[in-house]
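Notes to accompany the following structure.
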Amino acid sequence: MDISQYKDIYVFVEQRDGAVQSVGLELLGKARELADRVGEKVVALILGKGISDKAQELIAAGADKVLVVDNEYLKSYLTEPYTQAVSQIILEQKPAILLLGATIIGRDLAPRLSARTNTGLTADCTQLEIGESGELLMTRPAFGGNLMATILCKNHRPQMSTVRPGVMQRIAPDVSRKGEIVNYNVNFDKAKINRVRIVEEVKECKCVADISESKILVAGGRGVGNAEGFNKLRALAQTLGGEIAASRAMVDAGIIEHCSQVGQTGKTVRPELYIACGISGAIQHLAGMEESEYIIAINRDKYAPIFSVADIGIVGDVHKIVPLLNEKIKNIKKF
Amino acid sequence: MNIIVCIKQVPDTTEVKINPQTGTLIREGVPSIMNPDDKGGLEFALQLKDKFNAHVTVITMGLPQADAILREALAMGVDRAILLTDRKLGGADTLATSNAIAGALRTLEYDLVVAGRQAIDGDTAQVGPQIAEHLDIPQVSYLEDIDFDGNKTFTLRKQTDDGYQVLQMDAPCLVTVLASAVKPRYMNMRGIVEAYQREVEVWGADRIDVAEDKIGKAGSPTSVMKAFPKSLKPAGATFEVSAEEAVDIIVEKLKERHII
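As they're listed, the protein sequences go chains A and B.
Residue numbering for the first sequence follows our numbering, beginning at 1 and increasing consecutively.
Residue numbering for the second sequence follows our numbering, beginning at 1 and increasing consecutively.
Here's what the structure looks like:
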């Protein structure tokens, strides 16, 4: 493989039901920064059916060029047609870097692509930088979240990595930005595509807000106990104009929806304020929230690991403190 | 029907503690377990064995001590156990690992290959889909439920980012399974006793069908440049005070930061 033939930074921008997912815009923001450093282009890929009108939004978010693949086979995400489309683009266009969101879709597609195009893939990167000789330095948590490793893909291209939603920052959209939009033609292999067929698709997430977009989060763990305990947190979140979030224990117990889960198997969040209530702070949870700007932890156990990442720690009972805090803030806000 | 389940031995990362003084991992005394997602996959395979009389083979790539999870699988009820272990396979990234396992699977018969969604020591979720690609078979990842028509078609429930999909897929094919989808059975007493009398086949790299430059360190496109402990910011002050005083402290800080 002659790696000098490979250039530009490609971003697979995920859309679901025609809605561009925020992680795609975040990756375009990061790609813009990396591309400016090496003097290359940012190319966005968007696949689906009837999605051509999204291209302008991607240019505003940092893309120089958008490749649109609009085809009936791409209406809902399925592994094979998406792999065929993106791998054809990789083989023909030779990108130096390909970034994908570490969503369920991205984590299904990216490994299949890496095996089809015989290149390396680094999952769940939290930091992407350009090294001295122009190579991509991909840093990710290892061993459950407490060690960091920087990974290189030296002799294979594209250098592929996935990034979890909420980790990178999008740039402010600039609608005056100009870019090129190309409708890309893909030759699909129907026989292979027909090996998997959709019977039914169900959307069941009842969450109203995407917690990775919230500026203030009031999060609860085992110490909150039950749904009634969570109502106290909800009231505080409402007073502060934030949302509620939860540790895995509360999601597994069925008290809170999975889409509000923070941590390794949930979402990565970095709000301006994170109030951790009754959360002990397993490293899997910390991995999802420790980059928050300001962390307040309330827990009965003064040895709870959550205090090691908190800006202020309160050793005490969330059931007493949270309602009192809510009342006090309400009173202040009245004046 | 022949089913092959790919499993991995992993350190139980939920048992890993952090040394609060140094911010480093305390690895001593961390038990090794069968990766939870893989164990969920094994349970689905055993349910298909119960219902359709499927033959279940379990395979792992790792160090000789990974024998322990193969014995556990035997005690749960699998028919055949293979340990793929060789120095030539060491230092492999996910692509080289998937090439080695696919190389082993090429020498076996299968209608269904089952893997865990991801392993808790790496959390990459890559090896399952990569194996499927090397074998040129379709995949469904993030599996929550599986049913079989007794002929050649599986009906599968897959977790998606905002709900779930019900899909049909024809054999031969691969699935990756979520631990939360199913509760694995316990080993039974007789199974445990027998597991130590039964054979675990030990395979080296010469036994599998793959080019040598695709495995181990040589077959790995990625390499670790450096590993370092996460830089921990110093912990803030912790207060053990009455609820009223605690509220005053919090309110003061929120005012300082212009949140209220």
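Virtual Cβ for every residue (Gly too), placed ideally from N, Cα, C.
{"Check": "Who are the Cβ neighbours of residue 7 (chain A) in its own chain at under 6 Å, not counting the five residues just before and after it?", "Outcome": "40 and 96"}
{"Check": "Does the Cβ-Cβ distance between residue 58 (chain B) and residue 116 (chain B) come in under 9 Å?", "Outcome": "no"}
{"Check": "Using 8 Å as the Cβ pair cut-off and three pairs as the minimum, do the stretch 104-122 of chain A and the stretch 140-151 of chain B touch?", "Outcome": "yes"}
{"Check": "Taking Cβ-Cβ distances shorter than 7 Å, what residues in chain B pair up with residue 119 (chain A)?", "Outcome": "221"}
{"Check": "Which of the three DSSP states, helix, strand or coil, is assigned to residue 109 (chain B)?", "Outcome": "coil"}
{"Check": "With a threshold of 16 other CB atoms inside 10 Å of the CB of residue 258 (chain B), please say whether the residue is buried or exposed.", "Outcome": "exposed"}
{"Check": "Within 9 Å (strictly less), CB to CB, does residue 321 (chain B) reach chain A?", "Outcome": "Since the first residue shown for chain B is 1 and the last is 260, residue 321 (chain B) is missing from the structure and cannot be characterised."}
{"Check": "Could you spell out the range, first to last residue, of the beta strand (DSSP E) harbouring residue 228 (chain A)?", "Outcome": "Run containing residue 228 (chain A): none in the beta strand (DSSP E); it sits in the alpha helix (DSSP H), 227-240."}
{"Check": "In the structure shown, what three-state DSSP assignment does residue 62 (chain B) receive?", "Outcome": "coil"}
{"Check": "Can you give the Cα-Cα distance for residue 83 (chain A) and residue 72 (chain A), rounded to whole angstroms?", "Outcome": "15 Å"}
{"Check": "Counting pairs of Cβ atoms below 8 Å between the stretch 206-213 of chain B and the stretch 155-166 of chain B, do you hit three or more?", "Outcome": "no"}
{"Check": "Taking 9 Å as the threshold (C-beta atoms), are residue 219 (chain A) and residue 283 (chain A) in contact?", "Outcome": "no"}
{"Check": "Which two residues bound the contiguous alpha helix (DSSP H) that contains residue 29 (chain A)?", "Outcome": "22-38"}
{"Check": "When you compare each of B:129, B:189 and B:222 to residue 137 (chain A) by their alpha carbons, which one comes out closest?", "Outcome": "B:222"}
{"Check": "Can you tell me the Cβ-Cβ gap for residue 9 (chain B) and residue 68 (chain B), rounded? I've got them flagged as a contact below 8 Å.", "Outcome": "7 Å"}
{"Check": "I'd like the span of the beta strand (DSSP E) that includes residue 143 (chain B), first residue to last.", "Outcome": "139-148"}
{"Check": "Is the number of C-beta pairs between the stretch 299-318 of chain A and the stretch 83-90 of chain B that are closer than 8 Å three or more?", "Outcome": "no"}
{"Check": "Among the candidates A:126, A:267 and A:277, whose CA atom is the shortest distance from the CA of residue 307 (chain A)?", "Outcome": "A:277"}
{"Check": "Kindly indicate which three-state DSSP category residue 170 (chain A) falls into: helix, strand or coil?", "Outcome": "coil"}
{"Check": "With 9 Å set as the bound, which would you pick, yes or no: does the beta-carbon of residue 137 (chain A) sit closer than that to a beta-carbon of chain B?", "Outcome": "yes"}
{"Check": "With DSSP collapsed to three states, give me the class of residue 259 (chain A).", "Outcome": "helix"}
{"Check": "If the cut is a Cβ gap below 9 Å, which residues of chain A does residue 238 (chain B) touch?", "Outcome": "297, 302, 307, 310, 312, 313, 314 and 315"}
{"Check": "Starting from the Cα of residue 153 (chain B), find the closest Cα among B:163, B:172, B:165 and B:136 and give me that residue.", "Outcome": "B:172"}
{"Check": "Would you list, in chain order, the members of the stretch 79-102 of chain B that have their beta-carbon closer than 8 Å to a beta-carbon of chain A?", "Outcome": "93, 94, 95 and 98"}
{"Check": "So, at 7 Å on beta carbons, what are the nonlocal neighbours of residue 168 (chain A) in its own chain, with the 5 sequence-adjacent residues on each side left out?", "Outcome": "26, 27, 29 and 30"}
{"Check": "So, with DSSP's three-state summary, where would you put residue 169 (chain B)?", "Outcome": "strand"}
{"Check": "Just reading off the alpha helix (DSSP H) that residue 261 (chain B) is part of, what are its end residues?", "Outcome": "Chain B is shown only over 1 to 260; residue 261 (chain B) falls outside these bounds and no answer can be derived."}
{"Check": "Does the stretch 187-205 of chain A come close enough to the stretch 152-171 of chain A to have 3 or more Cβ pairs within less than 8 Å?", "Outcome": "no"}
{"Check": "Can you tell which of A:301, A:9 and A:281 has its C-alpha closest to the C-alpha of residue 134 (chain A)?", "Outcome": "A:9"}
{"Check": "DSSP state of residue 258 (chain B), grouped into three classes?", "Outcome": "coil"}
{"Check": "Over what stretch of residues does the alpha helix (DSSP H) that includes residue 92 (chain A) continue unbroken?", "Outcome": "79-93"}
{"Check": "Can you list, in chain order, the residues of the stretch 143-170 of chain B whose Cβ is nearer than 8 Å to any Cβ on chain A?", "Outcome": "155, 159, 160, 161, 162, 163, 164, 165, 166, 167, 168, 169 and 170"}
{"Check": "Return the residues of the stretch 49-71 of chain A that lie within a Cβ-Cβ distance of less than 8 Å from chain B, sorted by chain order.", "Outcome": "none"}
{"Check": "Could you check where the alpha helix (DSSP H) with residue 111 (chain A) kicks off and where it finishes?", "Outcome": "104-116"}
{"Check": "What do you reckon, are the CB atoms on residue 64 (chain A) and residue 51 (chain A) nearer than 9 Å?", "Outcome": "no"}
{"Check": "Where does residue 156 (chain A) sit, in a helix, a strand or coil, going by DSSP?", "Outcome": "coil"}
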